[in-house]
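Q:
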Amino acid sequence: MFSFLKRKKQKNDRKILEINNQNQSNNKLPNLIESSLSKNLEVIKQKTGNSSDIVIRPLKIGHNSKIKVAILYVKGMVDNQSVNDFVIDSIMNNQNLSEKLIPKDLLEVLTEDVVAVGGIKVVSDWEKLFTALMSGETITLIDGISKGICASTQGGQRRSVQESTTNVSIRGSKEAFNESIETNIAMVRRIINNSDLWVESINIGKMTKTEVSIMYINGIAKNGIIEEVRKRLKRINIDGILESGYIEQLIEDQTNTTFPTIHHTERPDSVAGNLLEGKIAIFVNGTPFVLLVPALFIDFFQSVEDYYERFDISTAIRFLRTVIFFISLVGPAIYIAATTFHQEMIPTELAIIIAAQRESVPFPAFIEALIMEITFEILREAGIRMPKAMGSTISIVGALVIGQAAIQAGIVSPAMVIVVSLTAIASFATPSYAVAISARLVRFIFMVSAATFGFYGIILVFILLIVHLCSLRSFGVPYMSPLAPFIREEAGDTIFRRPIWAYKKRPRLMSGKNRVSQGENQKPQPPRPRTRIMKNTTNMEKGDRNES
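Residue numbers (our numbering): 650 to 1197.
Rendered as structure tokens:
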């Protein structure tokens, strides 16, 4: 029976493969563009399904209008003014074209003298022509020439540069990336005005042909990491890339973990700061989020404004973030362990109050915490998916109403509502949304272990978590560095932050040969003692009186 089903499945798979191969052969294009304009237009109409948004503008130029020309572009993806003024108008109203009778000479004249657009290239195969056409470029085909002219006229409606909505900071730049890869790259170049800022671009996706660019500073980024990024990107073979999350999932080192090993941001100043440390930025067209590799665990607890404030203030805030993350990770688990196994650790008065509150609750502490956590996750998800005008209101009202009703109904105790609420607020205070989600998932493991073994279970899971984090790598760089392995000279930029003048070298595991980030003696110099200043001022006044 099983062998029969297996043979039938193999037979069906062969039929499907044959159909796919036949469809690919039917849709396969000839490699090179033909010299006949009518045949080329027929191929374009057939390939695009005679789509209504493909504009074909026929022209006749040359002596006695003998030469036929066709201009093609996609509506909504080009700048109409550039197409009309610098392509169509330039070709129709140029007086030199009337003297050119040979199409071979016309190609050279159009590319060098007539078309007044910054980017011009000549293509001879269909794949490059369709890639340029669907990218917003304007194509010019000439009858008698087996080549096409691609003019850079990308445009259309795009979202303007706005303030960041996910990486909010009080101090610093208010600009954020948008969906245009050209705009995003230019925003970083405005910050780092250096010719060593290199950009490499490739197209990924068999159907979408999404433009993906890697940016790094030559001499600062490590060559081995750059080559590894190139290799992983070129290895991607997928139908389409719709967001940078596709790239993140296809090039990460470890998939069996909830913790992110690739950092993403929508702030240009954050990208610039990471590039100066030797990291590599990956831009994806169509998304405002830029990937940064390698990523360390401590990077997800840092904010750009940590470097804009004084080092003592930033250190205190970073330490607070670490405590907040620990609360969001084990808050309910500690309450479950203390109330179930270790009541002697709770002060007597508080233990009596908690016992009195839980007297009418029919569930153990673990089930009580599980009900509240799942309820809060439902409210959180509903608040995100609801319309913006209603989401926050429904979340707040839902939490208050459901919490108060649950207490009055005797389903949960007031102490559990406080613990779960504090844990939820702590998860919102984590700078990285990806790490906050990871903490939300790992929190349930801590709750199960606390309900089973008490504090011993929490300590056991915590040790396993540390071992797991130490085993992770991000493009070959240890995930927990510079803490594990411990690098003393770089430990000043982890939970604690040294003053800016103390950052003399870049991270050893990520930067290349150029590790020096600033010169010597950058520490602020105090002014001279006041007595010396007063003495010099008195001598200057005496000298002025003598001169007078």
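Where is the CB? At the ideal position from N, CA and C, for every residue including glycine.
1. List the endpoints of the continuous beta strand (DSSP E) containing asparagine 1220.
2. Just to confirm my understanding: we take glycine 868, look at its own chain, exclude 5 residues before and 5 after, and list those with CB closer than 7 Å. What are they?
3. Please go through the same chain and pick out, in chain order, the residues whose beta-carbon is closer than 6 Å to the beta-carbon of alanine 982, but skip the five residues on each side of it.
4. Give the single residue among Ala930, Pro1176, Leu1114 whose Cα lies nearest to the Cα of leucine 915.
5. Could you say if the segment 784 to 797 and the segment 875 to 888 meet the contact criterion of at least three C-beta pairs nearer than 8 Å?
6. Report the residue from Thr910, Glu1169, Asn743 whose alpha carbon sits nearest the alpha carbon of valine 1084.
7. From isoleucine 853 to glycine 889, what does the alpha carbon distance come to, in whole angstroms?
8. List the residues that DSSP assigns as beta-bridge partners of histidine 913.
9. Shorter than 8 Å, the distance from the beta carbon of valine 848 to the closest heavy atom of the ligand SAM, or not?
10. Check each candidate in Ala1064, Ala825, Gly1103 and name the one with the smallest Cα separation from alanine 1018.
11. What are the uninterrupted segments assigned as alpha helix (DSSP H) that are 4 or more residues long and contained completely in the segment 966 to 1010, given in chain order?
12. What number of angstroms, rounded off, separates the C-alpha of threonine 780 from the C-alpha of methionine 856?
13. Please classify phenylalanine 826: is it buried, with 16 or more other beta-carbons within 10 angstroms of its beta-carbon, or exposed?
14. Can you have a look at lysine 928 and say buried or exposed, based on whether 16 or more other CB atoms are within 10 angstroms of its CB?
15. For threonine 789, which of helix, strand or coil comes out of DSSP?
16. Report the CB separation of threonine 859 from glycine 797 in whole angstroms; it is logged as a contact under 8 Å.
17. Isoleucine 866 and leucine 925 look like a contact to me (Cβ under 8 Å); what is the Cβ gap, rounded to whole Å?
18. Note down, in chain order, each residue of its chain lying with its Cβ closer than 8 Å to the Cβ of asparagine 843, except the 5 sequence neighbours on either side.
19. Using only the alpha-carbon positions, how far apart do proline 1013 and isoleucine 1074 sit?
20. If you drop the 5 nearest sequence neighbours on each side, which residues of the same chain put their C-beta closer than 6 Å to that of asparagine 670?
21. Among Thr906, Ile1003, Gln811, which one has its Cα closest to the Cα of alanine 1088?
22. Determine, using beta carbons only, whether serine 1062 and glutamine 992 come nearer to each other than 9 Å.
23. Can you list, in chain order, the stretches of the alpha helix (DSSP H) that have 4 or more residues and sit fully within the segment 864 to 928?
24. Under DSSP, the alpha helix (DSSP H) around glycine 1168 begins and ends at which residues?
25. Does isoleucine 798 come out as helix, strand or coil in the three-state DSSP assignment?
26. Give the straight-line distance between the Cα atoms of alanine 987 and phenylalanine 1025, rounded to the nearest whole angstrom.
27. Which whole-angstrom value describes the C-beta separation of alanine 800 and glutamate 812, a residue pair presumed to lie in contact below a C-beta threshold of 8 Å?
28. Specify, as a first and last residue, the run of the beta strand (DSSP E) that arginine 838 falls within.
29. Can you confirm whether the segment 736 to 745 touches the segment 758 to 774 when touching is taken to mean that 3 or more C-beta pairs between the two stretches lie within less than 8 Å?
30. Pull up the distance between the alpha-carbon of isoleucine 769 and that of proline 707, whole angstroms please.
31. Tell me the DSSP bridge mates of lysine 1154?
32. In angstroms, rounded to a whole number, what distance separates the CA positions of proline 1156 and glutamate 1139?
33. Please classify tyrosine 722: does DSSP put it in a helix, a strand, or coil?
A: Taking the geometry as given:
1. The displayed coordinates of the chain run from 650 to 1197. Any statement about residue 1220 would go beyond what the structure contains.
2. Asp845, Gly1161, Lys1162, Asn1163
3. Phe1095, Met1096, Ala1099, Ile1107
4. Note that residue 915 is glutamate in the sequence shown here, rather than leucine. Minimum Cα distance to glutamate 915 is reached at Ala930.
5. no
6. Thr910
7. 7 Å
8. Leu940
9. The ligand SAM is absent from the structure shown, which contains no ligand whatsoever.
10. Ala1064
11. 997 to 1006
12. 10 Å
13. buried
14. buried
15. strand
16. In fact, because the Cβ distance is near 22 Å, the residues do not count as touching under 8 Å.
17. 7 Å
18. Ile866
19. 24 Å
20. For asparagine 670, the predicted structure reports a pLDDT of 49, less than 50, and the residue's modelled location is therefore unreliable. A value from the coordinates is still provided. The answer is none, since no qualifying residue turns up.
21. Thr906
22. no
23. 872 to 883, 893 to 900, 917 to 925
24. Where glycine 1168 is concerned, there is no enclosing alpha helix (DSSP H), given that its DSSP letter is neither H nor E.
25. strand
26. 22 Å
27. Incorrect: roughly 34 Å between the Cβ atoms, too far for contact.
28. Counting along the chain, arginine 838 falls outside any beta strand (DSSP E), though it belongs to the alpha helix (DSSP H) covering 830 to 840.
29. yes
30. 20 Å
31. Val1165
32. 7 Å
33. strand
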